[in-house]
DNA sequence: TTGTAGGCGTTATCAA
DNA sequence: TTGATAACGCCTACAA
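Residue numbers (this note's numbering), protein chains in the order written: chain A, 261 to 614; chain B, 261 to 614.
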């Protein structure tokens, strides 16, 4: 292992002082150096393969040019490709601005100081938290410490800086689409327990659409999912078992929707003939299910970029606040909800007492 | 923003010197301190909420306790959940040993020094590279600099430290399974172009199985995929268009398999009645395709953990070398390849002009 | 236009 | 059992 190259070596090689080297390497505005020395120094730096020691830089500047990314439930990363795509977006924004990304997959912190300690360690300049639960204690602590924290979704904290998508509106649109196709008994499976605020917003959007169409909300037609394909499968089975005869499903995410489609198939229902399904996210495989899934496109990568940029802005002292409805979402119509529903609702007498 | 707490503050609070504080906080072996001072110091540290400044630690120790994770093609992270799950595994291993994970999604480095500079910056103690292409120039540079680099897969470099799974053997088993069901014309779609060594190993495993069963390898039954569902769809269509009448497919990954299944469905082939499909990876949704996918379980999370541990071992100076066949893989049999194939090849007339 | 000197917060060596 | 003191490599007033 060879000794590393420092500004000192460059200075010696170029025959100037360390200060001069620093001035040149950092392109200081006020300082005027002769072009000749500048060239000499740069040449020396290149020749020696100089790369600044980031620890020293961090120590003296007090900034690490690193953004921390917290996944409060790392296992969720394996649900589908939504969070990973978002991460790539965040990373891209960071890269473009010369920041790095430190991944911190904190296992639902028993330690309430988990996030705060990370901040205090000066290892990161800012923090992005993806989809925390409402009231997360560790998160509250960092927020209240004034450390720059950007939340995707919301933790329900009054002082939080957060960005979220128009979940409510998009969900309303999706549901309305089903209604416009003639469906009246539309089930909904939330993508997560309702302590996750976006899940709640989607539920509300769904209810708003029903209300606007003067359709009742049936408690039995709703089930809480838990992110995964399997939970979608289970929730759908549960709903089907209740004899509440939905003819359509608005699923809180695409993966859930796939699980639900499996349950529908097993129940002998054919999609979209007997049953319509709409998903959420438009993950890449959504176009390849049988039939292809109608869904809300949530632009994970772009959202990620936005998050990254906002986090850096926050670090730079800009105000962000709670922006709960940025980013419009599109409804992507595919075959899974068919044309006009033929079976215009039902409902046999047995349905009356849901 | 309050001033941060340093060892100095603790020293003052506890009425001792900074040195003593350091000794206690780092639990130095040789040094004996009175229990009383120790307690006083620890109490002061806790009271003040002390967290060491990692930059200072890094600077003086020369170690960052951080592992860098490089994804040579970040876009691939959005293919499916395999890489993300592996990342979570890596992260878990790091967390367990007090390391952090720095994610570096380098966009196919135009800059051949990209990795090396990261290493030189002292920001990381070691590097994990997931699935590089053979001969990656930037990668070769770090490897040759002796910096600890662990590769998942292989870059084909003689001095590389790498870990890979038994791709060849698993692929052979998968193919043999199809053969044992009576299939003789088995197509294969690689999950990636063959500059990716694991893709090559899977192809070889497939060919080995054919050979062992005295079945010929038909060039037309092979197509190169490019990770995604869509590429699987396209490759399958291409194969079907060639009039080469396969009755089964061994797909290089599950997502590809899903795309292929879509193409098969559109061609009027029913799975598993007319056509058998086997995938690779056993991603969580594989059990929920229609029909559920027979596949190779590749234990992404566990592999990730192993990678993380090996990378840290490498940092600690242990030898790793090129371990190209660690980790046994299982064949998970589901419905997508049915029972014994009824249509014992070849092709009924109706299939002739697909 | 260039150089000097001090400090960022730790750890580590050695002396008391 | 403790405490000075010197690095680690870089940045930045300020002085020359």
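Backbone N, C-alpha and C fix where the C-beta goes; we use that ideal spot for every residue, glycine too.
Source: prediction; values computed, not measured.
- Within its own chain, the residues whose Cβ lies closer than 8 Å to the Cβ of residue 420/A, once the five positions on either side in sequence are excluded, are 403, 409, 411, 414 and 582, listed in chain order.
- For residue 473/B, the three-state secondary structure derived from DSSP is coil.
- Within chain A, no C-beta atom comes less than 8 Å from the C-beta of residue 267/B; the nearest is roughly 14 Å away.
- Sequence-ordered contacts of the stretch 358 to 387 of chain B with chain A read 360, 361, 362, 363, 364, 365, 366, 367, 373, 376, 377, 378, 379, 380, 381, 382 and 383 [C-beta pairs closer than 9 Å].
- With a cut-off of 8 Å on Cβ pairs, the stretch 272 to 281 of chain A is not in contact with the stretch 318 to 334 of chain A, counting fewer than three such pairs.
- Any Cβ of chain A closer than 9 Å to the Cβ of residue 344/B would place that residue at the interface, and such an atom is present.
- For the C-beta of residue 493/A, the chain B residues within less than 8 Å are, from N- to C-terminus, 548.
- Taken through DSSP and simplified to helix, strand or coil, residue 482/A comes out as strand.
- When 574/A, 496/A and 428/A are compared, the shortest CA-CA separation from residue 482/A is found for 496/A.
- By the CB criterion at 9 Å, residue 339/B and residue 474/B fall outside the cutoff.
- Counted as a single uninterrupted DSSP element, the beta strand (DSSP E) harbouring residue 328/A occupies residues 326 to 330.
- Under the 8 Å Cβ criterion, the stretch 369 to 380 of chain A does not count as touching the stretch 381 to 400 of chain B, having fewer than three qualifying pairs.
- Going by C-alpha positions, residue 538/A is about 7 Å away from residue 597/A.
- For residue 338/A, the nearest CB of chain B lies under 9 Å from its own CB, placing it at the interface with that chain.
- With distances taken between CA atoms, residue 417/A lies nearest to 394/A out of 532/A, 433/A, 394/A and 425/A.
- A distance below 9 Å separates the beta carbons of residue 431/A and residue 540/A.
- Nearest C-alpha to residue 557/B among 550/B, 594/B and 579/B: 594/B.
- Look at residue 490/B: its C-beta is under 9 Å from a C-beta on chain A.
- Sequence-distant Cβ neighbours of residue 524/B in its own chain, meaning closer than 7 Å and more than five residues away, are 496, 531 and 535.
- Note on geometry: alpha-carbon atoms of residue 452/A and residue 407/A lie some 28 Å from one another.
- Rounded to the nearest whole angstrom, the C-alpha separation of residue 446/B and residue 436/B is 10 Å.
- As computed with DSSP, residue 422/A is found in a beta bridge with 411/A and 582/A.
- Taking C-beta atoms under 8 Å as the contact rule, residue 348/A and residue 564/A qualify, at a distance of about 6 Å.
- For residue 561/B, the enclosing alpha helix (DSSP H) covers residues 560 to 575.
- Note that the C-beta distance between residue 344/B and residue 391/B is not below 9 Å.
- Out of 476/A, 542/A and 466/A, the CA that lies nearest to the CA of residue 509/A is found in 466/A.
- Listed by position along chain B, the residues whose Cβ is nearer than 9 Å to that of residue 519/A are 545 and 548.
- DSSP links residue 363/B through a beta bridge to 361/A and 329/B.
- Residue pairing by DSSP places residue 557/B opposite 541/B and 590/B in a beta bridge.
- The C-alpha of residue 456/B lies about 16 Å from the C-alpha of residue 398/B.
- For the stretch 530 to 542 of chain A, the set of residues with a beta-carbon nearer than 8 Å to any beta-carbon of chain B is empty.
- Interface residue (Cβ-Cβ distance to chain B less than 9 Å): residue 594/A is not classified as such.
- Judged by DSSP secondary structure, residue 387/B falls within the beta strand (DSSP E) whose first and last residues are 386 to 390.
- Cβ contact annotation for residue 529/A (same chain, cutoff 7 Å, sequence separation greater than five): 535, in chain order.
- At a beta-carbon threshold of 9 Å, the residues of chain B lying near residue 319/A are 313, 315, 316, 318 and 319, ordered along the chain.
- Going by DSSP, residue 381/B is part of no alpha helix (DSSP H) at all; its letter is neither H nor E.
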